[in-house]
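Before any comments, here is the structure.
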Amino acid sequence: MVQDLLTDWGPFGHPLFQDPRARKLSRVGVVDVGSNSIRLVVFDGAARSPAYFYNEKVMCGLGKGLAETGLLNPEGKSRALDALQRFQSLADGLGLEPLNAVATAAMREAADGPEFREEIERKTGLKLYVIDGQEEARLAAQGVLLGWPRAEGLVCDIGGSSMEMAQVSRGKVGNRETSALGPLKLRDVKGGKKALRAHIDSELNRLKEALDASDDRLFLVGGSWRAIAKLDMARRDYPLKVLHEYKMLPDDLKATLDWIKDTDTEELRSLAGISSGRMALVPDAADVLSGVLRVFDPKDIFVSSYGLREGLLYEQMPQVLRDRDPLIEAARFAEAKDARVPGFGKALYRFIRPIYDKEPLALRRLVKAACLLHDVSWRTHPDYRADVCFDYATRANFGGLSHAERIFLGLALLHRYKNSRANGRFDALVDLIDPADVTRAEVLGRAMRFGAMFTAQRAEQMGTMRWQPKERKLGLTIGPQAMTLYGEVAQARFASLARALDAETEVVALSRAVTS
75 MVQDLLTDWG PFGHPLFQDP RARKLSRVGV VDVGSNSIRL VVFDGAARSP
125 AYFYNEKVMC GLGKGLAETG LLNPEGKSRA LDALQRFQSL ADGLGLEPLN
175 AVATAAMREA ADGPEFREEI ERKTGLKLYV IDGQEEARLA AQGVLLGWPR
225 AEGLVCDIGG SSMEMAQVSR GKVGNRETSA LGPLKLRDVK GGKKALRAHI
275 DSELNRLKEA LDASDDRLFL VGGSWRAIAK LDMARRDYPL KVLHEYKMLP
325 DDLKATLDWI KDTDTEELRS LAGISSGRMA LVPDAADVLS GVLRVFDPKD
375 IFVSSYGLRE GLLYEQMPQV LRDRDPLIEA ARFAEAKDAR VPGFGKALYR
425 FIRPIYDKEP LALRRLVKAA CLLHDVSWRT HPDYRADVCF DYATRANFGG
475 LSHAERIFLG LALLHRYKNS RANGRFDALV DLIDPADVTR AEVLGRAMRF
525 GAMFTAQRAE QMGTMRWQPK ERKLGLTIGP QAMTLYGEVA QARFASLARA
575 LDAETEVVAL SRAVTS
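Position 9, counted from 1, in the sequence shown is what the working numbering calls 83; the numbers after and before it change by one each time, with no gaps.
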């Protein structure tokens, strides 16, 4: 029974990042040749929630003028070839397996696309796969599933020359469609603003009918959408500058789109730190997004930092990996790499879990992640460790974590090292979550702070805690081997946890019982 408790992860399953199927994906290079930009991403780390080992983008504009000439932009071709030669050299230097390289709308539509593809392979050795719009939509949707395994809704991926939509539900990609609603294509629509709006609405209504879509939740993928989200953050003075899982409500987003329409683009660009090449596409992309809100009428809009490139990684995952929780896998990987005592997070979770036995699974999931991450910042100077823990949780590249959950996790890790947060540096972020969740995070932090006093012991020797929420009683039973660790500092931390829970305590050590 004890051994089962030590090895079983309960509802979270066993971590798989050491599984050979996961290790095969620990360093994967992906190249995305889009109509506006070309990017190399090298994924590294826990395959279910990868870190970005390398990430480089070049704004080439291959699709610029395509509608008029039917050909790729000559300057864009030259820049693209230079970029791809560099990317292949980087891959060779890093010892990567062959790069996974795909091209989208501009390359599939241009008359000279096949010829340019052959030139790329001849000069770089890179095999470039030109995918159709349906496949582009599928891969973008799979990227969303990488970050949101339980995503339900409509994925909308905008590129330079096209826009794709796909439905996701229960971990699967459903209906999907493509359109010519990329900003570079819209510039060729004649007849002024009214004609442009009519064209956009016509295409969107076609998409809605083809998808048979009535989804209330919209996931936005693509650089132009992310630029608009940055501007929405700037307009709202939103304090957490993490784009992934950033949530926008329709009325707020409409206000931002109107603001973009009425404000000088250079002012917007400098305000949100957007490149000039990307900012040039934003006004047209904003017109498309206004149309999406009109036609599809979503209730919740989320930004996804994951898209086609992450979808290519997801494509290579066995189902057993796809089904895993990206947050727990990433936290487990971080613990193995950076904690003083890798593996203690599991014992710590087991020790404090009685406090959370009657709590919902969503909270226990965050408790598990916090226990795994409780010591990964130990190398930081002690005076700054609590602050760094908060920053780590709120800014780390974690999937499957909403902004409110990031802040909760950050607070819990902060209070793992410090009881108070008197400097006020995090007040703007803390104000984004419910006061009851602030209290829960403080309790979790103090529980970990106390449990960490038993790091030197094996899990079965740490003792057990008991929590009776109705009676407000917190009990602790300590075996003889752990009793020497229950010294003055540990006693103070246990009392601090009890105060946070507004509880009386009962400590049982050997045959003695002490009640307070």
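All C-beta atoms, glycine included, are put in the ideal place defined by N, C-alpha and C. Fair warning: this is a prediction, and the values are worked out from it, not measured in the lab.
Excluding residues up to 5 positions away in sequence, T538, M539, R540 and W541 lie with their Cβ nearer than 8 Å to the Cβ of P428 in the same chain. Y380: not part of any beta strand (DSSP E); DSSP gives it neither H nor E. Per DSSP, the unbroken alpha helix (DSSP H) holding N279 starts and ends at G266 to L285. Taken through DSSP and simplified to helix, strand or coil, G169 comes out as coil.
Ranked by Cα distance from G473, the first of V316, G150, A175 and A287 is V316. In this structure, the beta-carbon distance from C445 to L422 falls below 8 Å. By a beta-carbon distance limit of 8 Å, L158 contacts I112. Their separation comes to about 7 Å.
For D412, the uninterrupted alpha helix (DSSP H) segment begins and ends at P400 to D412. In this structure, DSSP gives T454 a state outside helix and strand, which the three-state scheme calls coil. Counting along the chain, the unbroken alpha helix (DSSP H) around A308 starts and ends at G297 to R310.
A direct Cα-Cα distance of roughly 12 Å separates R495 from D457.
Rounded to whole angstroms, the gap between the alpha carbons of K197 and D156 is 10 Å.
S350 carries a helical assignment under DSSP once its states are collapsed to helix, strand and coil. Here the stretch 127–144 makes contact with the stretch 257–269; the two share three or more CB pairs at distances below 8 Å. Take the alpha-carbon of G207 and the one of T252: they are about 5 Å apart. Looking at the DSSP output, M237 sits in a beta bridge with I232 and S253.
A distance below 7 Å between beta-carbons, with the five flanking residues on each side excluded, links A574 to the following residues of its chain, in chain order: E516, V517 and R520. Contact between A467 and R459 is ruled out by a C-beta separation of about 13 Å, above the 8 Å threshold. It is roughly 6 Å from the alpha-carbon of L292 to the alpha-carbon of V229. By the CB criterion at 8 Å, I334 and L323 fall outside the cutoff. Across the structure, L285 and E238 are spaced so that their CA atoms are roughly 11 Å apart.
The three-state secondary structure of F117, taken from DSSP, is strand.
Here DSSP, grouped into helix, strand and coil, assigns G417 to coil. For I552, no alpha helix (DSSP H) encloses it; the enclosing beta strand (DSSP E) starts and ends at K547 to I552. In this structure, M527 and A572 do not form a Cβ contact; the two beta carbons are roughly 15 Å apart against a cut-off of 8 Å. Proximity of the stretch 545–560 to the stretch 487–502 falls short of the contact definition, fewer than three beta-carbon pairs being nearer than 8 Å. Here DSSP, grouped into helix, strand and coil, assigns Q390 to coil. Taking the Cβ atoms as the reference, E210 lies roughly 7 Å from L382, within the contact range of under 8 Å. For L202, the uninterrupted beta strand (DSSP E) run begins and ends at L202 to V204, by DSSP. Excluding five sequence positions before and after N129, the CB atoms of its chain that fall closer than 8 Å to its own CB belong to R113, L114, V115 and V116, given in chain order.
Taking a C-beta distance under 8 Å as the contact criterion, G144 and A184 qualify as a contact pair. Here DSSP, grouped into helix, strand and coil, assigns I507 to coil.
Between D399 and P124, the beta carbon gap of about 14 Å keeps them out of contact (Cβ cut-off 8 Å).
Membership of K335 in any beta strand (DSSP E) is not indicated; the residue belongs instead to the alpha helix (DSSP H) covering P324 to D336.
When the five nearest sequence neighbours on each side are left out, the beta carbons in the same chain lying within less than 6 Å of the beta carbon of A583 are those of I552 and M557, in order along the chain. In the DSSP assignment, the residues bridged to G103 are V116.
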